[in-house]
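Working notes, structure below.
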Amino acid sequence: MEVSSSGLALPLPWHESVWGDLNKTIEQGRMPHALLISGPSGIGKERLATALAQRLLCAAEMNNYACGVCKSCQLMSAGFHPDLSILQPADEGKDILIGDVRKLCSTLDKTAQQGGWKIAIIVPGEAMNISASNALLKSLEEPQGKTLLILVAHRPSLLSATIRSRCQKKSLLPPPLDTARQWLSEVSGHDANVDKALEVAAGRPLLALQYIQSGTLQDQQILEGVIEAVRRGEQSFIDAALQCSKLNTAIALEWFMNYLHLAVTQDAAVQSNQNVYLFLDRLNHMHQMIVSGSTVNQQLLWEELLMSWGQVFAKR
Ligand SMILES: [Zn+2]
Numbered sequence: 004m005e006v007s008s009s010g011l012a013l014p015l016p017w018h019e020s021v022w023g024d025l026n027k028t029i030e031q032g033r034m035p036h037a038l039l040i041s042g043p044s045g046i047g048k049e050r051l052a053t054a055l056a057q058r059l060l061c062a063a064e065m066n067n068y069a070c071g072v073c074k075s076c077q078l079m080s081a082g083f084h085p086d087l088s089i090l091q092p093a094d095e096g097k098d099i100l101i102g103d104v105r106k107l108c109s110t111l112d113k114t115a116q117q118g119g120w121k122i123a124i125i126v127p128g129e130a131m132n133i134s135a136s137n138a139l140l141k142s143l144e145e146p147q148g149k150t151l152l153i154l155v156a157h158r159p160s161l162l163s164a165t166i167r168s169r170c171q172k173k174s175l176l177p178p179p180l181d182t183a184r185q186w187l188s189e190v191s192g193h194d195a196n197v198d199k200a201l202e203v204a205a206g207r208p209l210l211a212l213q214y215i216q217s218g219t220l221q222d223q224q225i226l227e228g229v230i231e232a233v234r235r236g237e238q239s240f241i242d243a244a245l246q247c248s249k250l251n252t253a254i255a256l257e258w259f260m261n262y263l264h265l266a267v268t269q270d271a272a273v274q275s276n277q278n279v280y281l282f283l284d285r286l287n288h289m290h291q292m293i294v295s296g297s298t299v300n301q302q303l304l305w306e307e308l309l310m311s312w313g314q315v316f317a318k319r
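Position one of the sequence shown corresponds to residue 4 (the working numbering), numbered consecutively onward.
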């Protein structure tokens, strides 16, 4: 996470208008007890949530930002503030469990140690399983004093409708391409792959940065080569699957979906082929299965997928 020199999180350039709205709400004393910040992953929702929490907990806020020097800010820079809790799944892709939510709610119910707000951030909210979200609901029904719960959700439709209805909603979109390009170019030290990374990340700047920093763009090129070779019937799906099974499955499936979304808008032969949409549903389904933690045989998964991919364009 990119932070300010004081070690605190700052909102990103494309959060400017929502940051302005949030500050207006604070000034008017109308901050709700629960906020839902939703939008695609990789655009900085968690960072916005953290910046907001820090702004609220700061004892000497300056021009709508945390000051960075007061005791609260020092605690937050050090990574621990008694009035701020952040709840995440124990492992990526795993559920957030009822015990953790109960613990979080009981912390929220206690009086703030620094005499101000008590804040909890849950990331991602949709990782709560049913019993965990029921436990949270109780706390949302009986909010205490100056407490704020911030739910960050990449896929808000997976949250229970009751929980959604209790939250004030802020939905974020990826920034305009120019904004994303400018930011990414600066933070990546003017990396040569900025445009490619943004294309592969479907315009999501933080995800694009991750691709650049982890060097996974090369993997994306490999996948794209395989997808096209299978489509043209130049590579067997078994051979292609062998190459794909070496990639990170969740990320590779995302790339595949992104490739198809682009192809649908740019390639008339793809756009008019109804099989493409069925295939896209299937990819989406596979992707959800993988991110929800299912273990699968990678080779078989790719063989099956690439075989159907080849059939999408087969002449009948
Ligand atoms: Zn401060």
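From the three backbone atoms N, C-alpha and C, an ideal C-beta is built for every residue, glycine too. Since the structure is predicted, the reported quantities are computational estimates derived from the model, not experimental observations.
Residue i Cβ short of 7 Å to ligand 1 heavy atom set
i	result
S75	yes
G71	yes
A63	yes
Alpha-carbon to alpha-carbon, residue j and residue i
i	j	result
L180	K199	12 Å
V299	I293	8 Å
T182	S163	33 Å
P92	L100	8 Å
L143	S297	31 Å
S109	A12	26 Å
N67	N26	7 Å
R158	Q238	35 Å
G32	T150	13 Å
G206	A272	24 Å
V190	R167	34 Å
T252	D222	11 Å
Q301	N278	23 Å
A255	Q116	45 Å
G102	S134	9 Å
E307	Q246	14 Å
L201	W186	11 Å
K249	N196	23 Å
I225	A52	36 Å
C76	E49	18 Å
I230	V126	33 Å
T165	G228	45 Å
C70	H18	19 Å
E64	V267	48 Å
From the options, residue whose alpha carbon lies closest to that of residue i
i	options	result
L154	C73, G148 and Q171	Q171
A62	N196, Y214, G119 and H157	G119
L161	L152, A130 and V190	A130
C73	I40, S44, L265 and G10	G10
S20	T252, L87, S80 and L176	L176
G236	N276, Q314, M79 and S295	Q314
G192	D270, L308, V203 and L212	L212
L209	P178, L226 and I225	P178
R169	A69, L265, Q185 and H36	H36
L55	S136, D24 and P43	D24
D86	E95, T114, A69 and G71	T114
K121	Q57, G128 and E227	Q57
L38	A317, L263, S217 and S174	S174
Cut-off 6 Å between Cβ atoms - residues of its own chain near residue i, not counting five sequence neighbours on either side
i	result
N132	D98
I89	I124
T28	M34
L15	G47
D112	Q147
S3	Only positions 4 to 319 of the chain appear in the structure, and residue 3 is not among them; the question remains open.
R3	The structure shown has nothing for residue 3, since the chain only spans 4 to 319.
Neighbourhood of residue i by C-beta distance below 8 Å, restricted to the same chain and skipping five residues each side
i	result
K141	C108
A232	Q238 and A243
S311	F282 and R285
L241	What sits at residue 241 in the sequence shown is Ile, not Leu. The answer, listed in chain order, is E306.
A203	The identity of residue 203 in the sequence shown is Val, whereas the question assumes Ala. If we look at V203 and ignore the five residues flanking it on each side, its Cβ neighbours are A211, Y214, L220, Q223, W258 and N261.
D270	none
Contacts around residue i, its chain only, beta-carbon distance under 7 Å, and the 5 residues preceding and following it disregarded
i	result
M260	L283, L286, N287 and H290
D194	I215
E5	With a pLDDT of 46 at E5, under the threshold of 50, the predicted position of this residue should be treated as unreliable, and no value is reported.
Cβ-heavy atom distance, residue i to ligand 2, below 7 Å
i	result
P177	Ligands present in the displayed structure are limited to ligand 1, and ligand 2 is not among them.
Which ranges would you report for the alpha helix (DSSP H) in the segment 76-129 if only whole runs of at least 4 residues count?
101-112
For a minimum of 4 consecutive residues, which ranges assigned as the alpha helix (DSSP H) are wholly contained in the segment 34-63?
48-60
Which runs of the alpha helix (DSSP H) spanning at least 4 residues fall entirely within the segment 240-270, listed in chain order?
240-247 and 252-269
Taking only runs that begin and end inside the segment 117-196, name each unbroken beta strand (DSSP E) of 3 or more residues, in chain order.
121-125, 150-156 and 171-174
Restricting to runs no shorter than 4 residues, where is the alpha helix (DSSP H) found entirely within the segment 192-222?
197-203 and 208-217
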